[in-house]
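For what it's worth, the numbering used here labels the leading residue of the sequence shown as 780, then goes sequentially.
Just so you know, even glycine gets a beta-carbon here, dropped at the ideal spot from N, CA and C.
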Amino acid sequence: MQRRIKKRIFLTGIIMWFISGSSIAQNNTLLLVNGKVLDGKVTNNDGEFIKYEFQKKDNFFIKEMDVLRVYSFTINNKETIVYKKDTAVGNVFSQDEMRMYIYGETDSEKSIKSWPYFVSGAAFSYGMSVFDTYSTRENDRGFFKADPSMLHFAVPFVVPIVCGKIKPKIKAKHVSDDLFLVNEQYIMGYQKDARYKRIMGGLFGSLTGTFFGILTYSLSK
780 MQRRIKKRIF LTGIIMWFIS GSSIAQNNTL LLVNGKVLDG KVTNNDGEFI
830 KYEFQKKDNF FIKEMDVLRV YSFTINNKET IVYKKDTAVG NVFSQDEMRM
880 YIYGETDSEK SIKSWPYFVS GAAFSYGMSV FDTYSTREND RGFFKADPSM
930 LHFAVPFVVP IVCGKIKPKI KAKHVSDDLF LVNEQYIMGY QKDARYKRIM
980 GGLFGSLTGT FFGILTYSLS K
């Protein structure tokens, strides 16, 4: 019972953190709809674009960003939400729902890695490239004795598609609080970021494997 009460208190703290919009150890930040947080102070918001300044080493820079990419910005710990529900531009969530979606993206960003899919994609693509050059001719059997076919160029597109089709599983140890597992928007945000990492990892891995497969074939000639 006490454990459940502690969880409720923790959840309440998280919700209050969302509502307050405070950023950890930062006074001036921009929270993007993809879950990323940028350091910078907003100097102008005309409803279409947000202009902000940021410091890099000893230099100050000014950048401009489409307001549709931004959920909110914070100046001196005071948050201003610019995200609005508007299905015409693809904003289908309410402000509170979008917060949970972003929080799902953030948890996924911290826990899901793309390197396993890069390694798997590279190994599979390299293996397929080598296999594709195997000759079955009676007088000339062996690897690298047949010209590469279209398989070389098909694999880099197939691997990321397969990676994206696999539904990401959310493990309790990767979630800030178990109660988030029943929130639809949180799950959607988590799985979207996880799928993106899988797809990109598989894509770059398969391209790398195919490149080295073709290189190995060329060097064997």
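Option in SER999, MET979, ALA973, VAL816 with minimal Cα separation from SER890: That would be ALA973, whose Cα lies nearest to the Cα of SER890.
Rounded straight-line distance, which links the Cα of LEU998 to that of GLU884: For GLU884 and LEU998, the distance between alpha carbons rounds to 44 Å.
Proximity of ILE861 and PHE872 at Cβ, strictly below 8 Å: According to the sequence displayed, residue 861 carries Val and not Ile. When the beta-carbon positions are compared, VAL861 and PHE872 stay at least 8 Å from each other.
Burial state of ILE803, where buried means 16 or more other Cβ atoms lie within 10 Å: Confidence in ILE803 is poor, its pLDDT being 39 and thus under 50, which makes the residue's placement too unreliable to answer from.
Short Cβ contact (8 Å threshold) for MET844 with PHE828: Going by C-beta atoms, MET844 is nearer than 8 Å to PHE828.
Distance between beta carbons of ASN823 and LYS830, contact taken as under 8 Å: About 4 Å separates the two Cβ atoms, so the contact holds.
Residue interval of the beta strand (DSSP E) (run including ASP818): That run of the beta strand (DSSP E) goes 816-818.
Neighbour-count burial assignment, MET907, 16 or more Cβ in a 10 Å radius: MET907 is buried by the Cβ-count criterion.
Residue span of the alpha helix (DSSP H) that contains ILE891, given as start and end: The continuous stretches of alpha helix (DSSP H) do not include ILE891, and DSSP gives it neither H nor E.
PHE990 versus LEU809: straight-line alpha-carbon distance, rounded: Taking the straight line joining both Cα atoms gives about 39 Å.
Helix, strand or coil at ILE945 according to DSSP, with G and I counted as helix: In this structure, ILE945 counts as coil in the three-state DSSP scheme.
Buried/exposed call for PHE840, threshold 16 Cβ in 10 Å: Label assigned to PHE840: exposed.
Simplified DSSP assignment, three categories, for TYR862: Residue state, collapsed to three classes: coil.
Environment of GLY988 [buried if 16+ CB atoms lie within 10 Å]: The residue is buried, with at least 16 neighbouring Cβ atoms inside 10 Å.
Simplified DSSP state of SER873, which is helix, strand or coil: Here SER873 carries a coil assignment [DSSP, helix/strand/coil].
Closest residue to ILE881 among MET967, LYS976, GLY992 (Cα-Cα distance): When only C-alpha atoms are compared, the closest one is MET967.
Assigned secondary structure, THR989 (DSSP; H/G/I helix, E/B strand, else coil): Three-state DSSP puts THR989 in a helix.
Short Cβ contact (8 Å threshold) for VAL821 with LEU847: The Cβ atoms of VAL821 and LEU847 do not sit closer than 8 Å to each other.
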